[in-house]
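The opening position of the sequence shown corresponds to residue 1 in our numbering, with each subsequent residue numbered one higher.
Each residue gets a CB set at the ideal place from its N, CA and C atoms; glycine is no exception.
This report refers to the structure that appears directly beneath it.
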Amino acid sequence: MEIGKQRKFTVNSFLVVGIGLVLLMGAVIVYLFVLRGVIGRFSVNEVTQVVSRDLGVKQIFEKSEHRYALLYSQYTENMLEPGNTWIIDNINTWKKFLDQYKLNYTVISDRDIEDGKLPEFDILIMPGARALSDEQIAHIKKFIDRGGSIYATSGTASFSADGKWRGWEFFSEVYGIRFVKDMRMEDQKKIHTLRGGLPLTSGIPTGYPLKIATWDRPIAVEVLEPRSTQVSFWYNYRLDSGLVREEVRKSAGIVYGTYGRGRFVWMGFEINSVIGQQEDFIFFDKLFNNSIKWLSYQPIAVMRDWPGNYKAAAIIVSSLGKEFQNVRNLLPILRSEGVKSVFFMEPDIAERNSDLVRTLGNFGEVGATIDIGYLDSVNDTINQLYDFQTQKDRIYAGKNEIRLITNKVINGIYPFYGLFDENTLHAITELGIKYIITDSLTDRSVPKTIIKGDKSVISITKTARDDYEVIRDFGLTETEFQLYTYKEDIDRVIFEGGLYVSKLHSEFQLRPENVAVVRELIKYMKSKNVWLTDPTTLYYYWTQKNRIELHTEMRGFNRIAVTITNLSAEIFPQAQVDIEMQTKVKNIEINREIIGTEIPKWSYDPAKNTVIFKLTDLRPGQTRIYYIDFDRVAS
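Here's what the structure looks like:
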């Protein structure tokens, strides 16, 4: 045996290759598990794209950037007087909006569409394109029918390329709507009321009235087909005459829907026509952004205004003055129907009727009617409200006097003339008042949360005609006509998705010959799935609801991340959030980002492609992140 001679070891090449393959497969499996945790479900084909095209995870699994075509309609410009800048002004405004959202757009011409270039884009924007050629119309119909989206304004294709009147055939065929009328320029501006609970109006107060100038002759239409949805209406119940239900239906100003496999959003006005204060432009910006998201099939989260499946809400407000004793006629109705009213009265009237006032506390809330100022005797549109300290002293004295009679907390006030100002708001928040009822016609049909320091109050506006108008002003003494008029307003508020404020006065609707109408109204609202509540319950629900923040984003081809945050300092007991999926899906699975987060009760509405979350006990400051994993249904 030779000393120092080393033994040689040989390595089997097959073993090396085998170990390498095992390690590679292990790495791939780990990678796929990590990928699954980040972006949810995916197919082998999608992974192959990552490898073959050397794309990062973010690039391949985020939705690709959409391509927008912005039509500069020379045919429409040719119809205008020489030197008229209407088209270029509209185009420039659209550019600002598209630039603001950093969207990838190209300005195209009539000839580009006629030459068949639309398939290069995903979304076609047509500002004021009133004149289109037959070739353009054919290409546009084919574009949307095959899955493209269009965002259009004004009277699309109502004129031919040479400026001759064509009619409304494009409207009826593509948008599923019928032209009704255009607005008179003599009105200068029109109120345009937005519905709530829709993907296009997410984040906008229900019943918000956009202010639209009439210089472009805005258009009102009627929706004819179920594939199209009415978003708004021009009818103003405060000023316009006519039957409310019919006028609302025939005065749509924004419509969205489908045509073939594609989508459209149509507005009966130009975006340059939106006028008003800063808030008007903020909410229109949300409308614009939601429209773009809907057209580009991005998920949109909508938090319903009311708990459960209620379509609208209502409160009954009884204003007791002259003929105070007539309130007795209402009490059996409230008892038998199981609903509450809030009873407002001046402190001196409460003192004279103290026994009855104590009884009213068993049928709802009692609030104080307070004189905080007066109307100018010459011009009743000018209010002369008292200074802060005077208002505060009067409110404190009035609510304290009624509290001593009822031995109940007074949460609401009703200013004598239905008016209030900043001094009023500071005074009532300092005094712990939770809601104020106003006769003012404000900018929504839902309460408005007003925060002063660390306290808040809700303002409940007038949302419908009361018995002063129905009985006193209209002279409707027949109860069947009273009932019909109230029902019209209830139907309108349900269509908006807002709050119906039923205001009753002791000298009108509460009189023996009229009070039976109230029972019928309550029954009607119950049959229409309206949430009948009281103002204090409404206060707690509304102030908390409006402190919930929602955010959605695509995390892959088949995953949506939904972030829900409670910004309030109190537990939010229940909330319903609708996630508009924007595509047909199947095999839905709900996961959570953080272990231990409660999975909410959920359901899927295939008709609306909507996942519905029902949340409970969302803690103060809590954020919950849920993943919606799904498979797409092949179209």
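| Asked | Found |
| --- | --- |
| Is it the case that the Cβ atoms of valine 470 and tyrosine 486 are separated by a distance below 8 Å? | yes |
| Relative to the C-alpha of phenylalanine 388, which residue among Gln188, Leu425 and Gly253 is closest? | Leu425 |
| What are the start and end residues of the alpha helix (DSSP H) that includes methionine 525? | 516-527 |
| Pull up the DSSP beta-bridge partners for alanine 312, would you. | Val530 |
| Whose C-alpha, out of Ile282, Pro332 and Gln576, is nearest the C-alpha of isoleucine 564? | Gln576 |
| Using DSSP's beta-bridge definition, name the partner residues of valine 562. | Thr552 and Tyr626 |
| Less than 8 Å between the CB atoms is what I'm expecting for valine 530 and tyrosine 310, so what's the real figure, rounded? | 7 Å |
| How long is the line joining the alpha carbons of proline 127 and valine 223, rounded to whole angstroms? | 21 Å |
| State the start and end residues of the unbroken alpha helix (DSSP H) segment that holds serine 291. | 278-295 |
| If you draw a straight line from the alpha carbon of lysine 408 to that of glutamine 482, how long is it in whole angstroms? | 34 Å |
| Taking the C-alpha atoms as reference points, what is the distance between glutamate 173 and isoleucine 490? | 32 Å |
| Taking 8 Å as the threshold (C-beta atoms), are valine 248 and arginine 492 in contact? | yes |
| According to DSSP, what are the bridge partners of glutamate 246? | Answer is none; glutamate 246 lacks a bridge partner. |
| Using the rule of at least 16 other Cβ atoms within 10 Å of the residue's Cβ for burial, across every protein chain shown, is serine 643 buried or exposed? | Here the chain covers residues 1 to 635 and nothing more, so residue 643 does not appear. |
| Roughly how many whole angstroms lie between the Cα atoms of threonine 623 and glutamate 496? | 30 Å |
| Counting Cβ pairs, one atom from each stretch, are 3 or more of them under 8 Å apart for the stretch 299-313 and the stretch 264-271? | no |
| For methionine 126, name the three-state secondary structure that DSSP assigns. | strand |
| Quick check on phenylalanine 281: buried or exposed, where buried means 16 or more other Cβ atoms within 10 Å of its Cβ? | exposed |
| Given this structure, state the Cα-to-Cα distance separating valine 57 from phenylalanine 557, to the nearest angstrom. | Its pLDDT being 44, under 50, valine 57 is placed unreliably in this model, and the value from its coordinates should be taken loosely. Taking the straight line joining both Cα atoms gives about 11 Å. |
| Could you pull out every residue in the same chain whose Cβ sits closer than 6 Å to the Cβ of leucine 521, ignoring the five residues on either side in sequence? | Tyr486 |
| Closest to aspartate 122 by CA distance: which of Asp578, Asp145 and Ile137 is it? | Asp145 |
| Between leucine 504 and serine 318, is the Cβ-Cβ spacing less than 8 Å? | yes |
| By Cβ distance, which residues of its chain are closer than 7 Å to aspartate 54, with the 5 residues on each side in sequence left out? | Residue placement at aspartate 54 is flagged as unreliable, the pLDDT there being 42, under the threshold of 50; the coordinate-derived value follows with that caveat. Closer than 7 Å at Cβ, skipping near neighbours: no residue. |
| Is the Cβ-Cβ distance between threonine 369 and tyrosine 414 less than 8 Å? | yes |
| Secondary structure at arginine 632, three-state DSSP: helix, strand or coil? | strand |
| Which one of Gln136, Arg263, Val457 and Ala301 has the shortest CA to CA distance from glutamate 114? | Gln136 |
| Mapping DSSP to helix, strand and coil, what is leucine 330? | coil |
| Based on Cα-Cα distance, which residue from Thr616, Glu589, Asp605 and Lys608 lies nearest to tyrosine 626? | Glu589 |
| Could you confirm whether any beta carbon from chain B is found closer than 8 Å to the beta carbon of aspartate 216? | Chain labels in this structure do not include chain B; a single protein chain is all it has. |
| Taking just the CA atoms, how far does serine 506 sit from isoleucine 300? | 46 Å |
| With respect to the alpha helix (DSSP H) encompassing serine 568, which residues constitute its N-terminal and C-terminal limits? | From DSSP, serine 568 is part of no alpha helix (DSSP H); its letter is neither H nor E. |
| Between which two residues does the beta strand (DSSP E) holding aspartate 421 run? | No beta strand (DSSP E) holds aspartate 421; DSSP gives it neither H nor E. |
| Please list the terminal residues of the continuous beta strand (DSSP E) segment that includes proline 415. | 412-415 |
| Are there 16 or more other CB atoms within 10 angstroms of the CB of tyrosine 101, so buried, or fewer, so exposed? | exposed |
| Counting only the same chain and skipping the five closest in sequence on each side, list residues whose C-beta sits under 8 Å from that of isoleucine 3. | The predicted position of isoleucine 3 is uncertain, since its pLDDT is 49 and thus under 50; a value taken from the coordinates is nonetheless stated next. The answer is none, since no qualifying residue turns up. |
| Out of Ser440, Asp534, Val518 and Ala157, point me to the one whose CA is closest to phenylalanine 343's CA. | Asp534 |
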